[in-house]
Every structure is written in C-alpha cells, then in structure tokens.
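One structure below.
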Amino acid sequence: MNNLSQKKILLIICGGIAAYKSLELIRLFKKQNVEIKTVLTKSAKEFVTPLSVASLSHGKVYDDLFDTENETEMDHISLSRWADLILIAPATANTISKLSSGSSDDLASTVVLASDKNVFLAPAMNVRMWEHPSTHKNISTLKSYGYKIIGPDIGDMACGEFGEGKMSEPKDIFSNVKIYFDQLNKNRKLKALVTAGPTNEYIDPVRYITNKSSGKQGYALAKALAIRGFQTTLISGPTNIQVDNNIDLVKVETADEMFKATQKNLPVDVAIFSAAVADYKIIEKMNKKIKKKDSLNLELEKNIDILNYVSNHNYLRPKLVIGFAAETNNISENAKKKLAEKNCDWVIANDVSNKSIGFDSNYNEVSIFYKNKKFKDEKIEIKKKSEISEEIVDRVVEHLN
Ligand code: PMT
842 MNNLSQKKIL LIICGGIAAY KSLELIRLFK KQNVEIKTVL TKSAKEFVTP LSVASLSHGK
902 VYDDLFDTEN ETEMDHISLS RWADLILIAP ATANTISKLS SGSSDDLAST VVLASDKNVF
962 LAPAMNVRMW EHPSTHKNIS TLKSYGYKII GPDIGDMACG EFGEGKMSEP KDIFSNVKIY
1022 FDQLNKNRKL KALVTAGPTN EYIDPVRYIT NKSSGKQGYA LAKALAIRGF QTTLISGPTN
1082 IQVDNNIDLV KVETADEMFK ATQKNLPVDV AIFSAAVADY KIIEKMNKKI KKKDSLNLEL
1142 EKNIDILNYV SNHNYLRPKL VIGFAAETNN ISENAKKKLA EKNCDWVIAN DVSNKSIGFD
1202 SNYNEVSIFY KNKKFKDEKI EIKKKSEISE EIVDRVVEHL N
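Under our numbering, residues 842 to 1242 are what the sequence shown spells out, in order.
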C-alpha cells in the first residue's frame, strides 16, 4: 500500500480556466486509491460541470453552503474534519483574498476557515493579478497560517499574455501532495518534545518570581512539528494559549515540575527547549502568605538546567537537541558559548533587546548556530513566530532524514 492510499483529500475547485486541469488531478489521485470529495465554487461551475467532477471523483460534489440536503448529510464542519488535507486547485485571486481575510461567504471559504488541517493552494491567475501587491500580501498571510503554495508556473496564459500565474501542472501538484504524505509517514515514527513558556517560582502560596515569556514561540514550534506528523509533547509553563488535539500538552508551573515532566517524556528524537525557565528558585518557600515587613530577604538557589540534563544524558540523549538563547547583546558570542556549554546540536538565538519581537510578541527574528560546522550559521529575518517555526521544522526534518 502506498502512502496515498485511502488518504482523504478535499479538493476545492475555483472558477478559472485552469479548472479543467483539476479533472486530471482527480484522475491521478483516484489511481492511487485516494478518497476525494470536491467543493465547487459558483464560478467554477462555469468552467467544469459538477457531473464530470462527480463521475471522476466517484463522489458527491458539494457546492452550496445552504444546501439542506448536503448540510444534513455532511455540513461544512464535517467536510473539513473528514479531510486529511485540503487542496485548492485552481486557487483564484478572489479565493486567495477571501481566505487571507478570513471571510466565509460560500462553502469553499467556510470549509477552509473551519479547518484544522493542512491546506495546499495551487494559484492560477493572470500575470498582473499574480504580481499585484495585494495578491503578494495575501499569499504571504496564507503562508504565515502554514498554508503551502504550489506554483504558479511561468508560461503562455489563456488570455494571451505571458508570465507567472499559470496553475502548476496536475502531475506537479500531485507530486507535492505525495511528498507531503510520504514525509508525514516518515515523521510519524518520530517523537518530539518542546518546552515553552515561563516558570513560576513560588515565594509563598500567592507570590512568585516569573518572566515575560508568553509561550508563543514554543507553541508555534509544537504546532509546526505536529502538523508534519511528529508525535509531539509540549511541556508548558503557565500560558493562555490553546493547543490543537494532535499535541500532548503537559502543563507545569515550576522549573522542578518542568524537569520531572521532561524526564518522564524521554526518549524522543528531537527536543527543543524554548522555555524561559527561571534560573533560580526560593530555597525556603513559605507555606503561609508572608506578612508585609519593611524589607524582605529572599535566598535563592539555582534551578536544575533541564536542557543540560537532557543533552548530556548518556543513553536518553535525543538525536537532535536544540536550545534557545534570549540575548540582549553580543548575541553571536553568547549563543556560541551556550552551544558549547550546554552541549546542544543547535542554539537558536533571539535578540530580546528589540521590544517588538521576542518575548510576548507574535514576531521573532532568530539566528541559528550549529555545532556541526558542516552547516553554516544562519539568520531568519523578522517574521511571525508561526513562520519562523515552519522554517525551523523544515531544518529539523532535513536533519533527521
Ligand atoms: O515565550 P515567548 O513570549 O514566545 O518568547 C520566546 C522566548 C524569547 C522566551 C524564546 O524564544 C527563548 O529565547 N527562550 C529561551 C529563553 C532564555 O532566556 O533562555 P536561557 O538563556 O535562560 O537558557 C538557555 C537554554 O537553556 C534555553 O533553551 C532554556 O530553555 C534552557 N534552560 C535554561 C534554564 C534551565 N533551568 N533549564 C533549561 O532548560
């Protein structure tokens, strides 16, 4: 059985001249025993008939958000839950714009908005439309949501112009989807562990020492790993972020709890330590609330270094250990020091002197330092944490394979 067999793909066909190529795409998938359901936008029906789509896909064609018959059989939520992957081909400028703004005024956009699955788009439009800044902005928004863009190709267009905007050939779209499922299958055998967020170190039952970490970077990394098929455990200090149910979330509060949870979840193939673990804890935590006094001396002791413990473990060390370094100055020097001292394979440094990125921001800018000098240290310029995470996970997948 191949990796595509019995996979469920929801194919959304939008209204463009390239819609006829989707019929070939359906044929390629059906040959590999893929289950296909299709959604046609209103304008897609101007280019391909529901009958031809239904005959090739051996299934019902969904086209109306308010169709009582279809909605009772399979509503827009069930359709998006049913699929292993949503593929939009051709994806028109209009649909791309709707998806990037979160609009949901027809079945296609509603299904995608309601989906927790991977979404692939194969854009197709006139070269000027493709090159328009608004399309570029929309595509980059969709990329930041983790959507994968296939193509478009360069060539002669149906309108007589030449340039970039032609939908990729069905065989290329097919092979992108196949590579995705092949990779997913490989990754499913791999385990990942991510630490995220701050830790709270209690002084008394109601007061604690903590830091500004929101957990956003670590949660985004866990999400990117889980989407690629890794069996992902996220060990998180206190945050307000929801996780998808393909991630095993272990909530902790203190560094000691984070350490115990980490120990319990070893062995893994890759461990990423993005938590801002408090360096110190109170030596003698008070059992009762401390009464106000003129001054208060707190005696602190060092917390166990979780990353150090894992990276130096003699038989449970993951194949790939990645540490983070939040630095305000001498970034490269400090990160390289941590790389060596903590025995990491990579250290990912972020400059937290810039208040608009790093701690508690949706954005980050990171530099990756590698122990193995076969790889060149590199920088990922300022981007959403979700996009940075995708890029980091790209490298993790490449490394582990
Ligand atoms: O949570 P966000 O708001 O999204 O912000 C993300 C972040 C800025 C917190 C994150 O990207 C980051 O940089 N995390 C590391 C923060 C840090 O200051 O690390 P550190 O220099 O104290 O520690 C270096 C490494 O050792 C880190 O991987 C850390 O998780 C790990 N460590 C540190 C101390 C300890 N006791 N145990 C550890 O595992």
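Backbone N, C-alpha and C define an ideal beta-carbon position, used for all residues, glycine too.
Counted within 10 angstroms of its Cβ, other Cβ atoms place residue i as buried (16 or more) or exposed
i: Cys1000; result: exposed
i: Ile918; result: exposed
i: Ser1055; result: buried
i: Asp997; result: exposed
i: Tyr861; result: exposed
i: Ile1044; result: buried
i: Leu874; result: Checking the displayed sequence, the identity of residue 874 turns out to be Asn instead of Leu. Classification for Asn874: exposed.
i: Tyr988; result: buried
i: Leu892; result: exposed
Test item: CB-CB of residue i and residue j under 8 Å
i: Ile1088; j: Ala1067; result: yes
i: Asp947; j: Thr882; result: yes
i: Val1193; j: Glu1232; result: no
i: Gly1078; j: Pro1108; result: no
i: Leu954; j: Ile929; result: no
i: Val1162; j: Ala1112; result: yes
i: Met970; j: Gly1006; result: yes
i: Ser938; j: Val1035; result: no
i: Leu1025; j: Leu920; result: no
i: Gly1004; j: Thr933; result: no
i: Ile877; j: Phe870; result: yes
i: Glu1142; j: Thr1095; result: no
i: Asn1205; j: Ile1229; result: yes
i: Ala1238; j: Arg1069; result: The displayed chain sequence assigns Val, not Ala, to residue 1238. A contact, by the Cβ cut-off of 8 Å.
Contact belief for residue i with residue j at Cβ below 8 Å, rounded distance in angstroms
i: Arg922; j: Leu897; result: That pair is no contact at about 24 Å.
i: Ser1152; j: Lys1183; result: 6 Å
i: Lys1057; j: Lys1226; result: 5 Å
i: Ile991; j: Ile1014; result: 5 Å
i: Lys1160; j: Asp1235; result: So it is not a contact: roughly 17 Å between Cβ atoms.
Separation of residue j from residue i, as counted between CA atoms
i: Asn1213; j: Leu983; result: 34 Å
i: Lys1177; j: Phe1216; result: 14 Å
i: Glu1010; j: Lys849; result: 21 Å
i: Val968; j: Tyr903; result: 30 Å
i: Lys958; j: Lys1224; result: 22 Å
i: Ser1208; j: Ala1166; result: 10 Å
i: Lys1129; j: Pro1046; result: 6 Å
i: His973; j: Ala949; result: 23 Å
i: Lys886; j: Met966; result: 17 Å
i: Val1018; j: Arg1048; result: 51 Å
i: Asp1186; j: Thr936; result: 42 Å
i: Gln1104; j: Leu906; result: 49 Å
i: Glu1222; j: Lys1196; result: 15 Å
i: Thr976; j: Asn1081; result: 33 Å
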